[in-house]
Structure formats: structure tokens, C-alpha cells
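> My questions will all concern the structure given below.
What follows is the structure in C-alpha cells.
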């Protein structure tokens with residue numbers, strides 16, 4: 028099988044394990060010329076790159092286009108400051124205190140599909156749980172959390188018909204508009 032690492036390819040998921048094995052074994056530094064990006068596939072290489080922002084900057088990448096500075100799109104020292112803010116929100120004691128509510132949200136999600144006797148676990152459960160929990164943590168009203176889920180999914184999904192830059196910019200504009208509306212209320 029020729030190696031083509033392209034998560035936007037419709038058949039990517041069908042061959043994901045073969046692709047990642049071949050990537051690690053034969054092309055630990057892979058260049059997708061058609062898309063114009065590089066991929067590292069070995070843990071030590073990824074760790075080294077993550078700890079070398081001078082060479083491998085997180086800034087000005089296509090994934091950050093249209094977004095305000097965030098943990099994924101800035102380098103130290105600003106990255107460390109933002110990460111510190113996030114880590115204080117997700118302390119062990121805060122998560123332990125939230126556990127009963129997280130379990131309640133999980134049960135509510137399960138209740139939505141138990142009567143049907145079947146579900147798509149990813150689509151009906153796993154994609155909603157983090158969004159609902161984080162939405163609640165930051166004070167997003169329950170009736171508005173679906174919008175945030177749609178926006179965050181749009182930012183991380185891959186649409187072969189659209190550039191990452193365009194996709195992120197549209198989703199970012201929408202989520203920032205939503206934050207503005209919530210702050211004005």
C-alpha cells in the first residue's frame with residue numbers, strides 16, 4: 028500500500044491502523060506535498076518538536092487562522108501563562124467536586140438513546156459529554172451549548188472541500204459572536 032497520510036481522505040479511517048504503522052515504520056517524518064504539510068509519527072520526535080518552539084512554532088499555523096490566541100496556537104512564554112489559567116480550572120479537587128454532576132450529565136445522555144435500544148456511541152454520547160461539561164463550567168446556558176459543540180467540532184473536523192483556514196475562520200467568527208451575545212446578556 029503506498030503511504031498517503033491524509034486524514035481528509037474519505038478512506039483514511041478504513042485504513043487508519045495500517046497507515047499509522049507504515050508512517051511510524053517507514054516515514055517518521057512525512058511530507059504531504061499536495062496539502063503542503065509535514066507529520067511526525069514517533070513519540071520521541073513529537074516530544075522533541077513540542078519542546079523546541081524555536082524550530083517548531085505553534086504560531087501562524089493554518090489551524091490558528093481566525094482564532095484569538097489560545098493554548099494551541101502560541102509559543103512559550105505566553106503558552107505557559109494560558110496553560111496555567113486552564114490548569115487552575117481543571118484541578119483534581121475541582122474535578123472531584125464536579126464528578127457527581129458529570130455522572131448526571133453522562134446518565135442524561137445515555138437516557139436519550141436507551142429507549143431506542145441502539146446508538147452511535149461517538150455521535151450520540153462521546154462528542155456531547157466534554158462539550159456539555161465544559162459549557163456548564165464556563166457558564167454557557169444549557170440551551171446554547173449545542174452551538175458551541177457545533178463550532179468546536181467545525182474547528183477540529185477536516186473537510187476536503189474547504190481549507191483549514193476557511194473552516195476555522197467561519198467557526199471562530201460564529202463562536203466569538205456567540206460569546207459576545209452571552210457577555211452582553
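In the working numbering, the protein residues as written are 28 to 212. Cβ atoms here follow ideal geometry from the backbone N, Cα and C, with glycine treated the same way. Computed from a prediction, not measured in an experiment: that's the story for all the values here.
Residue ranges of each alpha helix (DSSP H) run of no fewer than 4 residues wholly in the region 43-75, ordered along the chain?
Complete alpha helix (DSSP H) runs here, min 4: 43-53.
> Return the Cβ separation of residue 100 and residue 82 in integer angstroms, given the expectation that the two are a contact with Cβ distance under 8 Å.
With 8 Å as the limit, residue 100 and residue 82 do not qualify as a contact, their Cβ atoms being about 17 Å apart.
> What did DSSP end up calling residue 28 once you bin it into helix, strand or coil?
Residue confidence is low: residue 28 scores 47 on pLDDT, short of 50, so the model does not pin down where it sits. No coordinate-derived value is stated.
> The alpha helix (DSSP H) spanning residue 214 covers which residue range?
Because the chain is modelled from 28 through 212, residue 214 falls outside the range shown and cannot be assessed.
> Compare the C-alpha of residue 210 against each of 176, 200 and 166 and name the closest.
Taking only the C-alpha atoms, the option nearest residue 210 is 166.
> Could you give the C-beta distance for residue 33 and residue 62, rounded to a whole number, given that I count them as a contact under 8 Å?
Right, the Cβ-Cβ distance comes to about 7 Å (below 8 Å), so this counts as a contact.
> Should residue 158 and residue 172 be called a contact, given that it needs their Cβ atoms to be closer than 8 Å?
Yes, these two residues count as a Cβ contact at 8 Å.
> Here's the rule: buried if 16 or more other CB atoms are within 10 angstroms of the residue's CB, otherwise exposed. What is residue 199?
Residue 199 should be labelled buried.
> If you run the structure through DSSP and keep just helix, strand and coil, what is residue 162?
Helix.
> Could you spell out where the alpha helix (DSSP H) holding residue 120 opens and where it closes?
From DSSP, the alpha helix (DSSP H) with residue 120 extends over 119-141.
> Quick one: is residue 91 buried, meaning 16 or more other Cβ sit within 10 Å of its Cβ, or exposed?
Residue 91 is buried by the Cβ-count criterion.
> Helix, strand or coil: which one does DSSP assign to residue 201?
Helix, per DSSP.
> Using a Cβ-Cβ cut-off of 8 Å (strictly less than) and excluding sequence neighbours within five positions of residue 69, which residues of its own chain qualify?
Contacts found: 51 and 55.
> Exposed or buried, which one is residue 46 when buried takes at least 16 other CB atoms within 10 Å?
The residue is buried, with at least 16 neighbouring Cβ atoms inside 10 Å.
> What is the DSSP secondary structure of residue 167, reduced to helix, strand or coil?
Residue state, collapsed to three classes: coil.
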